[in-house]
Amino acid sequence: MTALLEWKQKIKTFYGKHDTLILPILKFLLAFLTFKQIDSSLGFMSKLGNVFILLILSILCSVLPLNTIAIIGVLLIVGHCYALGIEIAAFALILILLLMILFLRFSSKENLALILTPTAFRIGIPAALPIGSGLLGTPMTIIPSACGVILYYFMKTLKDQESLLKGEETEIIEKLKLLLDSLIKNQNMWLNMIAFVAAIIVVYVIRKMAIDYSWRIAAVTGGLVYAAVMIAGGLFMDVDSTVVTVILSAAGGCLIGWIVEFFVLGVDYTSSKNLQFEDDEYVYFVKAVPKSLVTYSERNIKNIAEEDETEKAEEEVPLEKASYEDVDFEEKLEDSLKDL
Amino acid sequence: MLNQERIKQMTKLASYEAGEGKEYLPISKYYRSDYIGMALIKNFFLVTIAYGIVLTLILGYQSEFLLDHVYQMDVTVAVVWVIISYIAVLVFYSCLTYAYYAVKYRRAKKSVQKYYKMISKLDKLYAKEDKKSDGKQISRRLKE
């Protein structure tokens, strides 16, 4: 544990020294991962999947505000839809516009969850998102997370029904009906949304409680709630997720929650103190929990072997022999006589 | 000469302006009623657009059914239902917008108060420094 804390301290110090460089790099990586994930999920327009284009867009996002990733991501989705047909692109645009007008405008600060949700699904640990959101954000993250679930299932439908949506024999109305049905009648989507909302609320409420290990308990409970809702829903609804994948996802989410707790909070509950004091108006019951900190000294490694070798080399350099012709014996003799 | 206290205060102000102040300072320039009123007008247009889109989608989705039963339908009742549901949605979103922007405005005002306190402190530091420099100039003149 001490080694981990020392490692964390080193990372923090390093980040503090180079934050102006690290932050754009992290934004760049996040943007690239998100855009690559969109491309691998849809991939209808090969030009948009070009690595150089994705790299340029990611570099652009690294210097612009975080919400730019969401905007460019959405534009990429619409671009891929355009390859299927202009009506599909129009539907995607309308769907995103509706989500923005009806929901996302109230959660502008938390919209990072919108782009992270499809990525979490692709990685196979969707439970990590509600747990992370509950630990780091506010209950408002429910809105972008739920919208992210809609966006993920919309993308999934596009991929699954690609041939039908691309086919010219299918009428426009039929295509739109297919897309609407895939959203309204998609029980997987609704169940995931319910599980996300329940997990975020539970994690947030427990995290805010004044109890020991609240963050860890919140992460585990969030994972359990997510798994319970998904498994219970699977009994009554027509969903394709298996119990094993749900449990693995919940376990992955808990693990990520613990990692988040270690880096963001990192307190030592074993050394907590209960204090009581008062002033003219109130009596205060305070619980002080110290942060887990370790002091480490920055060691400068001296290579003694090398130094010894250089010293030896210096010693071994032969002294230049003075030639007799250079020495002025007469002057030297005069100097010595002066002293006498 | 450099005044350390003043530099500290100015750094605090600059960091506020670059962080929290970026969001809250423009809000604090409005009156509460103006700020919330503007948000409600914007909300009206947005909800109308969204309602229009949703209605079009529903009509498109049910187009076959509507074409088959258009002669049996009571158009007046349908229009009344559309208007009632529009008003209900508008009222719901207006309440939501009012609550959201009222909370945002209160937070902004609270946060900006701290900023103005820092500014008045900086003003006092400047005034103190001016007094000192004036005193020095007078004493020099007297000596001359």
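Sequence lines, in order, name chains C and R.
Under the working numbering, the final residue of the first sequence carries the number 618; numbering is consecutive throughout.
Under the working numbering, the final residue of the second sequence carries the number 329; numbering is consecutive throughout.
Idealized CB from N, CA, C, for every residue including glycine.
Consider the Cβ of isoleucine 304/R: report whether some Cβ of chain C lies at a distance smaller than 8 Å.
Translated into the one-based positions of the second sequence, residue 304/R becomes position 119. No, its Cβ sits nowhere closer than 8 Å to a Cβ of chain C.
Are the segment 315-327 of chain C and the segment 357-372 of chain C touching by the rule of at least three beta carbon pairs closer than 8 Å?
yes
So lysine 453/C and leucine 320/C are in contact, right, with Cβ under 8 Å, and what is the actual spacing, rounded?
One-based indexing of the first sequence puts residue 453/C at position 175. One-based indexing of the first sequence puts residue 320/C at position 42. About 16 Å separates the CB atoms of lysine 453/C and leucine 320/C; that is not less than 8 Å, and the two are not in contact.
For serine 441/C, count neighbouring C-beta atoms within 10 Å of its own C-beta (all shown protein chains included) and say buried if the count is 16 or more, exposed if not.
Here residue 441/C refers to the residue found at position 163 of the first sequence. So serine 441/C counts as exposed.
Between the segment 380-391 of chain C and chain R, which residues of the former have CB atoms less than 8 Å from a CB of the latter, in chain order?
Leu380, Arg383, Phe384
Report all residues from its chain with a CB closer than 7 Å to the CB of leucine 354/C; omit the five preceding and five following residues, and keep chain order.
By 1-based counting over the first sequence, the position of residue 354/C is 76. Hits under 7 Å: Phe313, Ile316, Leu326.
What residue does the alpha helix (DSSP H) around phenylalanine 514/C start on, and which one ends it?
Residue numbering aside, residue 514/C sits at position 236 when the first sequence is read from its first letter. First-last of the alpha helix (DSSP H) with phenylalanine 514/C: 492-514.
Counting contacts by CB-CB distance shorter than 8 Å, is isoleucine 221/R in contact with chain D?
Absent from the structure is chain D; the protein chains it does hold are C and R.
Could you have a look at glutamate 556/C and say whether DSSP puts it in helix, strand or coil?
Numbered from its first residue, the first sequence carries residue 556/C at position 278. Residue state, collapsed to three classes: strand.
CB-CB under 8 Å to leucine 382/C, same chain, minus the five flanking residues each way: which ones, in chain order?
If you number the first sequence from 1, residue 382/C lands on position 104. The answer, listed in chain order, is Asn389, Leu392, Ile421, Pro422, Cys425.
For isoleucine 451/C, would you say it is in contact with chain R, using Cβ-to-Cβ distances shorter than 8 Å as the test?
As a working note, residue 451/C is residue 173 in the first sequence. The Cβ of isoleucine 451/C sits closer than 8 Å to at least one Cβ of chain R.
Going by DSSP, what residues sit across from lysine 551/C in a beta bridge?
Residue 551/C sits at position 273 when you count from the first residue of the first sequence. The beta-bridge partner set that DSSP reports for lysine 551/C consists of Ala566/C.
Can you have a look at alanine 485/C and say buried or exposed, based on whether 16 or more other CB atoms are within 10 angstroms of its CB?
For the purposes of this step, residue 485/C is taken as residue 207 along the first sequence, with counting starting at 1. One detail in the question is off: residue 485/C reads as arginine in this sequence, not alanine. Label assigned to arginine 485/C: buried.
Do you know how far the Cα of serine 318/C is from the Cα of tyrosine 290/R?
Counting from one through the second sequence, the residue named residue 290/R turns up at place 105. Counting from one through the first sequence, the residue named residue 318/C turns up at place 40. Between tyrosine 290/R and serine 318/C, the C-alpha separation is close to 42 Å.
So, does the CB of isoleucine 303/C fall closer than 8 Å to a CB anywhere in chain R?
Residue numbering aside, residue 303/C sits at position 25 when the first sequence is read from its first letter. No, its Cβ sits nowhere closer than 8 Å to a Cβ of chain R.
Should glutamine 298/R be labelled buried (16 or more other beta-carbon atoms within 10 Å of its own) or exposed?
As a working note, residue 298/R is residue 113 in the second sequence. Exposed.
For the alpha helix (DSSP H) that contains threonine 282/R, what are its first and last residues?
Numbered from its first residue, the second sequence carries residue 282/R at position 97. Residues 260-328.
What are the boundary residues of the alpha helix (DSSP H) that includes aspartate 438/C?
By one-based count along the first sequence, residue 438/C stands at place 160. Unbroken alpha helix (DSSP H) run through aspartate 438/C: 420-438.
Under 7 Å Cβ-Cβ, which residues of chain R neighbour arginine 349/C?
Residue numbering aside, residue 349/C sits at position 71 when the first sequence is read from its first letter. The sequence given here has isoleucine at residue 349/C, not arginine. For the C-beta of isoleucine 349/C, not a single chain R residue is nearer than 7 Å; the gap to the nearest is close to 18 Å.
Which residues of the segment 268-287 of chain R have a Cβ closer than 9 Å to any Cβ of chain C? Give them in chain order.
Taking 9 Å as the Cβ-Cβ cut-off, the segment 268-287 of chain R approaches chain C at Tyr278, Leu281, Thr282, Tyr285, given in chain order.
Buried or exposed, going by whether 16 or more other CB atoms sit within 10 Å of the CB of cysteine 532/C?
For the purposes of this step, residue 532/C is identified with residue 254 of the first sequence, where counting begins at 1. Only buried fits cysteine 532/C, as 16 or more other CB atoms lie within 10 angstroms of its CB.
Which residue marks the beginning of the alpha helix (DSSP H) containing isoleucine 300/C, and which one marks its end?
In the first sequence, the residue the question calls residue 300/C occupies position 22. Note, isoleucine 300/C: alpha helix (DSSP H), 280-319.
Helix, strand or coil for valine 341/C? Go by DSSP, reduced to three states.
Walking along the first sequence from the start, residue 341/C turns up at place 63. Taken through DSSP and simplified to helix, strand or coil, valine 341/C comes out as helix.
Which residues in chain C have a C-beta closer than 7 Å to the C-beta of isoleucine 226/R? List them in chain order.
The sequence position of residue 226/R within the second sequence is 41, counting from 1. Those within 7 Å of isoleucine 226/R in chain C number zero; the least Cβ separation is about 14 Å.
On the premise that leucine 281/R lies in contact with arginine 191/R, defined as a C-beta separation below 8 Å, what is that separation, rounded to the nearest angstrom?
Translated into positions along the second sequence, residue 191/R becomes position 6. Translated into positions along the second sequence, residue 281/R becomes position 96. Between leucine 281/R and arginine 191/R the Cβ distance is about 45 Å, and since that is not below 8 Å, they are no contact.
For methionine 418/C, count the other beta carbons within 10 Å of its own beta carbon; 16 or more makes it buried, fewer makes it exposed. Which is it?
As a position in the first sequence, residue 418/C is number 140, starting the count at 1. When all chains shown are included, methionine 418/C counts as buried.
Counting only beta-carbon separations shorter than 8 Å, does tyrosine 311/R have a partner in chain C?
As a first step, residue 311/R must be located in the second sequence, where it is residue number 126. Interface residue (Cβ-Cβ distance to chain C less than 8 Å): tyrosine 311/R is not classified as such.
Along the chain, where does the alpha helix (DSSP H) that runs through arginine 330/R open and close?
Only positions 186 to 329 of chain R appear in the structure, and residue 330/R is not among them; the question remains open.
Taking the alpha carbon of glycine 412/C as the reference point, which residue from Met487/C, Leu332/C, Val567/C has its own alpha carbon closest?
In the first sequence, residue 412/C corresponds to position 134, counting from 1. When each option's Cα is compared against that of glycine 412/C, the closest is Met487/C.
Could you compute how far the alpha carbon of glutamate 447/C sits from the alpha carbon of isoleucine 401/C?
Here residue 447/C refers to the residue found at position 169 when the first sequence is read from its first residue. Here residue 401/C refers to the residue found at position 123 when the first sequence is read from its first residue. Spanning the two alpha carbons is a distance of roughly 35 Å.
With DSSP as the reference, please indicate the residues paired to valine 542/C in a beta bridge.
One-based indexing of the first sequence puts residue 542/C at position 264. DSSP lists no partner for valine 542/C.
May I ask which residues mark the beginning and end of the alpha helix (DSSP H) holding isoleucine 222/R?
As a working mapping, residue 222/R is identified with position 37 in the second sequence. Checking the displayed sequence, the identity of residue 222/R turns out to be glycine instead of isoleucine. From DSSP, the alpha helix (DSSP H) with glycine 222/R extends over 217-246.
Could you tell me whether any Cβ in chain C is nearer than 8 Å to the Cβ of aspartate 235/R?
Walking along the second sequence from the start, residue 235/R turns up at place 50. For the record, residue 235/R in the displayed sequence is alanine; it is not aspartate. With respect to chain C, the C-beta atom of alanine 235/R has a partner C-beta closer than 8 Å.
Anyone know if the C-beta pair for threonine 395/C and tyrosine 430/C falls short of 8 Å?
The residue given as residue 395/C occupies position 117 in the first sequence. The residue given as residue 430/C occupies position 152 in the first sequence. In contact: threonine 395/C and tyrosine 430/C (Cβ atoms closer than 8 Å).
Around the Cβ of alanine 284/R, are there at least 16 other Cβ atoms within 10 angstroms (buried) or fewer (exposed)?
For the purposes of this step, residue 284/R is identified with residue 99 of the second sequence, where counting begins at 1. Its Cβ having fewer than 16 others within 10 Å, alanine 284/R is exposed.
Assign glutamate 559/C to buried or exposed, taking buried as 16 or more other Cβ atoms, counted over all protein chains shown, within 10 Å of its Cβ.
Within the first sequence, residue 559/C is the residue found at index 281, counting from 1. Glutamate 559/C is exposed by the Cβ-count criterion.
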